[in-house]
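**Q** Sending over a structure as structure tokens; questions will come in a sec.
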Amino acid sequence: MLYTVYDASRALVSGYTVGKNMTNLEIKAQKDSSYAKSQEYKDIVKKQMEDEDWASATPVSFKVGLEAPPTVFINQKTGKPERVWMRTIDVNYNAPHYFLAIKGLSFLIMAVLSLTILVLAFKLIARFRNSENIFLVRNLKLIRRLAFCTLIYYVLWWTITLIEVYFISQSFSLAGCNIDLVSTLELPSGLFEVPFTFIVYEIFTIGVKMREENQLTV
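Convert by adding 57 to the 1-based position in the sequence shown; the result is the number in the numbering used here.
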């Protein structure tokens, strides 16, 4: 989860930096016509456009069939060309500007949720170590917040990724390769984390109720 947010945040920061540099270059080129015609300016713009394409790309997993053509790379160890079948690649795609804005906002929310989950987890561990009875209402509230933060995180992640996959499928395809939706959505981890946190929450709910009933009996 944290690596996903880090990787996405890094891409967003890189995209923002590229956009800012492009704006500064355009302002300078407008003020200086000779600079706008220079080879230096053209090379910088070309490099900035390549960086912008990289920053806006998203990782996608593919199911590689037998008919999928390999990609040839030079093996740095041997110096010989090697055939490689790409199963996960970063794909650039065209999307409406409003979606890119929503994506940026969603990743910002996901970053906040990740930090919140981390803080709640450490706080919960500290309370467990300093308490003789862990089945307390205050611990139950922390676990509930932890469970819902995890759920919201993955719902956002899955929704944004599904929309990205849709846009990619409309403009990009490889022979013999189909998009692997399960791997792209990181479903194995999310499908375990979300139910697990709610199972723990239900267990603690039962534990707190039993503790309160025992206290009333006494």
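Using N, Cα and C, we set each Cβ at its ideal position, and we do this for glycine too.
(1) R144 to W214, Cα distance in whole Å?
(2) Taking the alpha helix (DSSP H) that E139 falls in, what are its first and last residues?
(3) Does the pairing of the segment 117-127 with the segment 222-241 give three or more beta-carbon distances under 8 angstroms?
(4) Taking the C-alpha atoms as reference points, what is the distance between Y92 and K104?
(5) Just to confirm, is the Cβ distance from V251 to L208 under 7 angstroms?
(6) When DSSP labels each residue in this structure, what does S188 get in the three-state scheme?
(7) For K180, tell me which candidate among N235, N190 and I200 has the shortest Cα-Cα distance.
(8) Per DSSP, what are the beta-bridge partners of V121 in this structure?
(9) In whole angstroms, what is the alpha-carbon distance linking E243 and E97?
(10) So, helix, strand or coil for P252, using DSSP?
(11) Assuming V141 and P127 are in contact, meaning their beta carbons sit under 8 angstroms apart, how far apart are those beta carbons, in whole angstroms?
**A** By the coordinates alone:
(1) Taking the straight line joining both Cα atoms gives about 21 angstroms.
(2) In the DSSP annotation of this structure, E139 is not part of any alpha helix (DSSP H); the continuous beta strand (DSSP E) holding it starts and ends at P138 to V141.
(3) A contact exists between the segment 117-127 and the segment 222-241.
(4) One C-alpha to the other measures close to 16 angstroms.
(5) Yes, these two residues count as a Cβ contact at 7 angstroms.
(6) The answer is coil: DSSP assigns S188 none of H, G, I, E or B.
(7) Among N235, N190 and I200, the Cα nearest to that of K180 is on I200.
(8) Paired residues: C234.
(9) The alpha-carbon atoms of E243 and E97 are separated by roughly 42 angstroms.
(10) Look at P252 here: in three-state DSSP terms it is helix.
(11) Their Cβ separation, rounded to whole angstroms, is 6 angstroms, which keeps V141 and P127 in contact under 8 angstroms.
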